[in-house]
Each structure stands twice: as C-alpha cells, then as structure tokens.
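Note sheet for the following structure.
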Amino acid sequence: MKEPGVLHKLSRRIGLIKPSPTLAIQAKANALKAAGRDVISFGAGEPDFDTPDNVKEAAIASIKAGFTKYTAVGGIDDLKDAIIAKLKRDNQLAYERSQVVVSAGAKHTLFNIAHVLFEEGDEVLVPSPYWVSYTDIVYLTGATPVVIKTRMEDGFKLKPAELEKAITPRTKAIVISYPSNPAGVCYTRKELEELAAILLRRGIIIISDDIYEKIIYDDNQFISIASFSEELKSNTIVVNGVSKSYAMTGWRIGYAAGPENIIAAMTKYQSQNTSNPTSIAQKAALEALNGPQEGVLARGREFQQRRDFIVRKLNEIPGIACPNPQGAFYVFPHVASFYGKRFGGKVIENSSDLAAYLLEEANVALVPGADFGHDDHLRLSYATSMELIEKGVERIRKALLNG
Ligand SMILES: *Cc1c(COP(=O)(O)O)cnc(C)c1O
632 MKEPGVLHKL SRRIGLIKPS PTLAIQAKAN ALKAAGRDVI SFGAGEPDFD
682 TPDNVKEAAI ASIKAGFTKY TAVGGIDDLK DAIIAKLKRD NQLAYERSQV
732 VVSAGAKHTL FNIAHVLFEE GDEVLVPSPY WVSYTDIVYL TGATPVVIKT
782 RMEDGFKLKP AELEKAITPR TKAIVISYPS NPAGVCYTRK ELEELAAILL
832 RRGIIIISDD IYEKIIYDDN QFISIASFSE ELKSNTIVVN GVSKSYAMTG
882 WRIGYAAGPE NIIAAMTKYQ SQNTSNPTSI AQKAALEALN GPQEGVLARG
932 REFQQRRDFI VRKLNEIPGI ACPNPQGAFY VFPHVASFYG KRFGGKVIEN
982 SSDLAAYLLE EANVALVPGA DFGHDDHLRL SYATSMELIE KGVERIRKAL
1032 LNG
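So the mapping is simple: this note's numbering equals the position in the sequence shown, first residue as 1, plus 631.
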C-alpha cells in the first residue's frame, strides 16, 4: 500500500530485531491450511491440549462476578500468594509478595526484566540453541546478547569452561532455561552447581526461565538453581507462567520472583506500559495453580509417549540424527547431511532452505534451526496428535528420500 506524504523513519532499535520466527511459521501454516492445503504443522510453540475446565469455569465466574476492572499493577494478592505457595511446594523457594510480579505472559516478564536491568554496553549470556526471543529481547534494551554455542555431542549442555571463557567485565546476566526450548536439555544438580559457582563468583545475575518445569521426562527432576543457597536466590530471578504447564498460552499470564528491588522496578515499568495483566486471566491462573494438579502430570506422560515415538521415527530416516530430548515438547534433529544436495531442482544450503522445501514438497511446517542459533538442525514441535506425528514424519521421510 502506498501512502502519500509522510516518511516513517523507524527507530534504530526496531531494525535490530525480527518478527518471532516461530509465530511466523505457525501463521504461514495456518494461512496455507485456510487456503485449502493439507499442511501438517510441527511449528507450534504451544500445547495442543485444551485449557482445563476448572480454569475456564473460574474465568467465567470472575466475569459474572464483575471482576473486570483494573487490578493492582503487579497482580492481585491472591494470585501472588498462589505463586508463593507454588514456589515453596515445588521449588523449595520462599518469597514475600513484594518479591513477586505478575505480567502478561513469561515473554512479557522477560522483557520487563531486561528493560529494568540492561543498557548499552552490557553483555548478556545466552547459551544456544536458545529460545528465539532471548536475543531479540536483549537487543531491544541496547545491550548485546553473547551467544555461547553448545555442542550436540555434549547434549547441548553449557560446560563450565565455556561459560568461564564467555564472561567479560561487561557481562551482566545469563539466561538459562531447562528443560530447554528447542533441545529439551536438562541439567543435573551437580552440573547446575558447577555453573552456579562460577556465576556467583563473577557476580552475574541469573535469569532462570522455568516455563517447561513440568514437562520433564525419564528420571530427570527439575531443580531450581535459586534453591541451592540464599546467596544464589538473591542473585536469581525465577521466571515462570501458566502457558505451557496448563495449556493457557492465550490467557497471557507469566510471573517473576526475585530480589525486591528488581521486582519493584519491574512493577514500576509495567505501570507505564501494560498496567495489570488481564483481571479475568489472573483469576484463571489462580485456579490453575491452586486447583487439582493431576492434569499436569497426565499431559506430561502424553508428551513423553509422543517424544518416544517421534524420536524413533525420525532416527529411522537415513541422514537424520535426532537426540532424545529430556523435556519440553520439541525435537531438534541434525539434518546437515542433506545440505549441498539437490531437492526439487534446488540445492539445499541451510536449515531455511530445507524447511522451505519440506513445506513446499511435503506440506509439513517446521522451524529452521538457524532461528535458534544452530543452522545444522530443524525444530519440530510434537504438541500435536500421534496420528499427525506419524503422518507428518512419513511425509518428511518420503520428501528426503525421493529428493
Ligand atoms: C513459550 C515460552 C515462553 C513464553 O511463554 P508465555 O506464553 O509468554 O508465558 C518463555 N520461554 C520459553 C523458553 C518458551 O518456550
């Protein structure tokens, strides 16, 4: 569309970032489906389960009761108390209300943390493969994300020596997340203790994104790095939310717990942008956290069965090496053996080419690994039915064999 007159010169900062690639792929898959194409999507970054009924009912009741006005900026006390109880029960962490703030999703929480802590000249460590938003959220503050690339041979785990090497006098914070998106990496207590010792010694703030805490497999147990000592707790901001554990991505409720001064700054910051998170969604999150928890475990078991299946099926395709994720709902197979080969009349050079080819040829949507910092991989979400996983992987197999 050509608009007359004004030249809209945008800020330098907005030019530094890109639209969320995972949301873009999902939008493209939906558009193709709407146009009648039989697309199977492995792009989704959200559970395919419905939000539990008790949660929906709580939201409906709150609307009927007229709970539809502004609330306290940082969230209602009841919800803060439920979050405090959850952190105590699940993570052995004790917080006061003044150390908790509720926002419009964990992404918003991370955004607020970044904006009250970072500025030009700061460096923020981001182990890769990383969630697509970490680096761009850091860029938006004027600080510089410093990616620490991990290796598939190491299970994509951050090694103490690599961490030590990446730290400079400008390093302000690190973002860690486990089980991770996209590789499903989990750490043992011992591994976390080694990393924590370095971070504490070098005075680096830990931002712990625990959003996949409840989607964890096999013998792995989630342990919060903040729970190791009072010192570590006061150096850590715990980030979590209801999106992934309770299939509530659309409700937009996330939260942070951490040092009082940081939480107060985040609340002040939020008071000048979104104000409170949606009143109704807060009541829904309150029910999610305080209500029955069996559904969380049941969904976790279902995800684990799907993981077993998709990992096995992908590894049956010659040329694909798919590590076994320990949590979350993604696989991150190595696909570089296809690079340099000709498919559909075009040489595949990288993960974007391969993802584009698979969408075109196999009607399968997935996300290029490059968006997570590892171009030799693709990300597939298995937050979809067993039937579609089977059908989709078979399409990928055919497209890669017949290329
Ligand atoms: C989905 C996701 C989030 C954000 O979740 P919200 O819906 O904003 O609460 C944060 N971190 C990671 C790693 C995620 O995958």
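From the three backbone atoms N, C-alpha and C, an ideal C-beta is built for every residue, glycine too.
query = Regarding Asp840 and ligand 1, is the C-beta to nearest heavy atom distance less than 7 Å?
reply = For the purposes of this step, residue 840 is identified with residue 209 of the sequence shown, where counting begins at 1. Yes, the beta carbon of Asp840 sits closer than 7 Å to at least one heavy atom of ligand 1.
inquiry  = Among Gly815, Gln730, Phe749, whose alpha-carbon lies nearest the alpha-carbon of Ser759?
reply    = Counting from 1 along the sequence shown, the entry for residue 759 is found at position 128. For Ser759, the nearest C-alpha among the options comes from Gly815.
query = Near Asp1006, which residues of its chain fall below 7 Å by C-beta distance, leaving aside the five closest residues on each side in sequence?
reply = Within the sequence shown, numbered from 1, the residue matching residue 1006 stands at position 375. Within the same chain, Asp1006 has close Cβ partners Asn981, Ser982, Gly1000.
task = Only counting runs of 4 or more residues, tell me where the alpha helix (DSSP H) segments fall wholly within the stretch 885–968, in order along the chain.
result = 891–902, 910–921, 925–946
key: Minimum C-alpha distance to Tyr900 - residue among Arg1026, Leu748, Gly926, Val763   = For this step, residue 900 is matched to residue 269 along the sequence shown. Closest by alpha carbon: Leu748.
task = In the DSSP assignment, find the unbroken alpha helix (DSSP H) run with Arg983 in it and report its ends.
result = Residue mapping note: residue 983 aligns to position 352 of the sequence shown, counting from 1. Per the sequence shown, residue 983 should be read as Ser rather than Arg. It spans 982–993 - the alpha helix (DSSP H) in which Ser983 sits, taken as one unbroken run.
request  = Spell out a yes or no on whether the stretch 831–838 and the stretch 769–776 are touching, meaning 3 or more CB-CB pairs, one atom from each, closer than 8 Å.
outcome  = no
query = Ala916: beta carbon under 7 Å from a heavy atom of ligand 1?
reply = Taking the sequence shown and counting its residues from 1, one reaches residue 916 at position 285. Outside the cutoff, so no.
key: Buried versus exposed call for His739 [16 or more other C-beta atoms within 10 Å across all chains shown]   = Counting from 1 along the sequence shown, the entry for residue 739 is found at position 108. So His739 ends up on the buried side.
inquiry  = Relative to the C-alpha of Ile1027, which candidate in Phe1003, Leu989, Ser1012 has its C-alpha closest?
reply    = The residue given as residue 1027 occupies position 396 in the sequence shown. The shortest Cα separation from Ile1027 among Phe1003, Leu989, Ser1012 belongs to Leu989.
ask   = Is the closest heavy atom of ligand 1 to the C-beta of Ser625 under 7 Å?
value = Nothing can be reported for residue 625, as the shown portion of the chain is limited to 632 through 1034.
request  = Indicate, with yes or no, if ligand 1 has a heavy atom lying under 7 Å from the CB of Ser808.
outcome  = Taking the sequence shown and counting its residues from 1, the one referred to as residue 808 is at position 177. Within the cutoff, so yes.
task = Could you tell me if Asn812 is buried or exposed, where buried requires 16 or more neighbouring beta carbons within 10 angstroms of its beta carbon?
result = Start at 1 with the first residue of the sequence shown, and residue 812 comes out as number 181. The residue in question, Asn812, is buried, as its Cβ has 16 or more Cβ neighbours within 10 Å.
Extent of the continuous alpha helix (DSSP H) to which Gly646 belongs = Walking along the sequence shown from the start, residue 646 turns up at place 15. No alpha helix (DSSP H) contains Gly646, which DSSP labels as neither H nor E.
Nonlocal neighbours in the same chain, by C-beta distance under 7 Å from Val1024, ignoring five residues either side = Along the sequence shown, read from residue 1 onward, the residue named residue 1024 stands at position 393. Excluding residues within five positions, the ones whose Cβ falls inside 7 Å are Ile941, Lys944, Leu945.
query = Should Arg938 be labelled buried (16 or more other beta-carbon atoms within 10 Å of its own) or exposed?
reply = Numbered from 1 along the sequence shown, position 307 holds the residue referred to as residue 938. Classification of Arg938: buried, given that the 10 Å Cβ count is 16 or more.
ask   = Beta carbon of Glu754, beta carbon of Pro791: below 8 Å?
value = Along the sequence shown, one-based indexing puts residue 754 at 123. Along the sequence shown, one-based indexing puts residue 791 at 160. Going by C-beta atoms, Glu754 is not nearer than 8 Å to Pro791.
ask   = So Gln957 and Ile847 are in contact, right, with Cβ under 8 Å, and what is the actual spacing, rounded?
value = If you number the sequence shown from 1, residue 957 lands on position 326. If you number the sequence shown from 1, residue 847 lands on position 216. Right, the Cβ-Cβ distance comes to about 7 Å (below 8 Å), so this counts as a contact.
task = Return the CA-CA distance between Glu784 and Arg1010, expressed in angstroms with no decimal places.
result = Position 153 of the sequence shown holds residue 784. Position 379 of the sequence shown holds residue 1010. Whole-angstrom Cα-Cα distance: 17 Å.
ask   = Which ranges would you report for the beta strand (DSSP E) in the stretch 668–749 if only whole runs of at least 3 residues count?
value = 731–734
query = Could you check where the beta strand (DSSP E) with Thr775 kicks off and where it finishes?
reply = For the purposes of this step, residue 775 is identified with residue 144 of the sequence shown, where counting begins at 1. Unbroken beta strand (DSSP E) run through Thr775: 775–780.
task = In the DSSP assignment, find the alpha helix (DSSP H) that holds Thr766 and state where it starts and stops.
result = For the purposes of this step, residue 766 is taken as the residue at position 135 of the sequence shown. It spans 763–770 - the alpha helix (DSSP H) in which Thr766 sits, taken as one unbroken run.
task = Using the DSSP secondary-structure output, state which residues sit across from Phe974 in a beta bridge.
result = On the sequence shown, position 343 is the one that residue 974 refers to. According to DSSP, which records beta bridges pairwise, Phe974 is partnered with Lys977.
query = If you check the beta carbons only, do Ala996 and Ser764 fall under 8 Å apart?
reply = Locating residue 996 in the sequence shown gives position 365, where the first residue counts as 1. Locating residue 764 in the sequence shown gives position 133, where the first residue counts as 1. In this structure, Ser764 does not lie closer than 8 Å to Ala996 by Cβ.
task = Determine, using beta carbons only, whether Leu823 and Ile854 come nearer to each other than 8 Å.
result = Here residue 823 is taken as the residue at index 192 of the sequence shown, counted from 1. Here residue 854 is taken as the residue at index 223 of the sequence shown, counted from 1. For Leu823 and Ile854, yes; Cβs fall inside 8 Å.
ask   = Hey, is the stretch 658–669 in contact with the stretch 873–893, meaning 3+ C-beta pairs nearer than 8 Å?
value = no
ask   = Quick one: what does DSSP say Asp1111 is sitting in, helix, strand or coil?
value = There is simply no residue 1111 to check, as the chain begins at 632 and stops at 1034 in what is shown.
ask   = Sorted by chain position, which residues of the same chain lie with C-beta nearer than 7 Å to Lys719's C-beta, five sequence neighbours on each side aside?
value = Here residue 719 refers to the residue found at position 88 of the sequence shown. These residues qualify, in order along the chain: Ala725.
query = Under 8 Å, do Phe963 and Tyr1013 count as touching if we go by C-beta distance?
reply = Translated into the one-based positions of the sequence shown, residue 963 becomes position 332. Translated into the one-based positions of the sequence shown, residue 1013 becomes position 382. For Phe963 and Tyr1013, no; Cβs fall outside 8 Å.
request  = If I'm right that Ala952 touches Ile842 with Cβ under 8 Å, what's the distance once you round it to whole angstroms?
outcome  = In the sequence shown, residue 952 corresponds to position 321, counting from 1. In the sequence shown, residue 842 corresponds to position 211, counting from 1. Wrong, their Cβ atoms sit about 27 Å apart, outside the cutoff.
key: Arg1010 - containing beta strand (DSSP E), residue span   = Position 379 of the sequence shown, counted from the first residue, corresponds to residue 1010. Where Arg1010 is concerned, the enclosing beta strand (DSSP E) stretches over 1009–1012.
request  = Would you check whether ligand 1 has a heavy atom nearer than 7 Å to the C-beta of Lys738?
outcome  = Here residue 738 corresponds to residue number 107 of the sequence shown, with the count starting at 1. Yes, Cβ of Lys738 sits closer than 7 Å to a heavy atom of ligand 1.
ask   = Whole-angstrom Cβ separation of Lys845 and Val927, contact assumed at under 8 Å?
value = Here residue 845 refers to the residue found at position 214 when the sequence shown is read from its first residue. Here residue 927 refers to the residue found at position 296 when the sequence shown is read from its first residue. Right, their Cβ atoms sit about 5 Å apart.
ask   = Hey, is Asn904 close to ligand 1, as in C-beta under 7 Å from one of its heavy atoms?
value = Within the sequence shown, the letter at position 273 stands for residue 904. It does not: the Cβ of Asn904 is nowhere closer than 7 Å to a heavy atom of ligand 1.
task = Provide the residue span of the alpha helix (DSSP H) that contains Leu997, from first to last.
result = Position 366 of the sequence shown holds residue 997. It is not in any alpha helix (DSSP H) - Leu997 carries neither H nor E in the DSSP assignment.
request  = Taking Ala689 and Glu925 to be in contact with their CB atoms under 8 Å, please state how far apart those CB atoms are, rounded to whole angstroms.
outcome  = Taking the first residue of the sequence shown as position 1, residue 689 is located at position 58. Taking the first residue of the sequence shown as position 1, residue 925 is located at position 294. Actually they are not in contact, since the Cβ atoms of Ala689 and Glu925 sit about 17 Å apart, beyond 8 Å.
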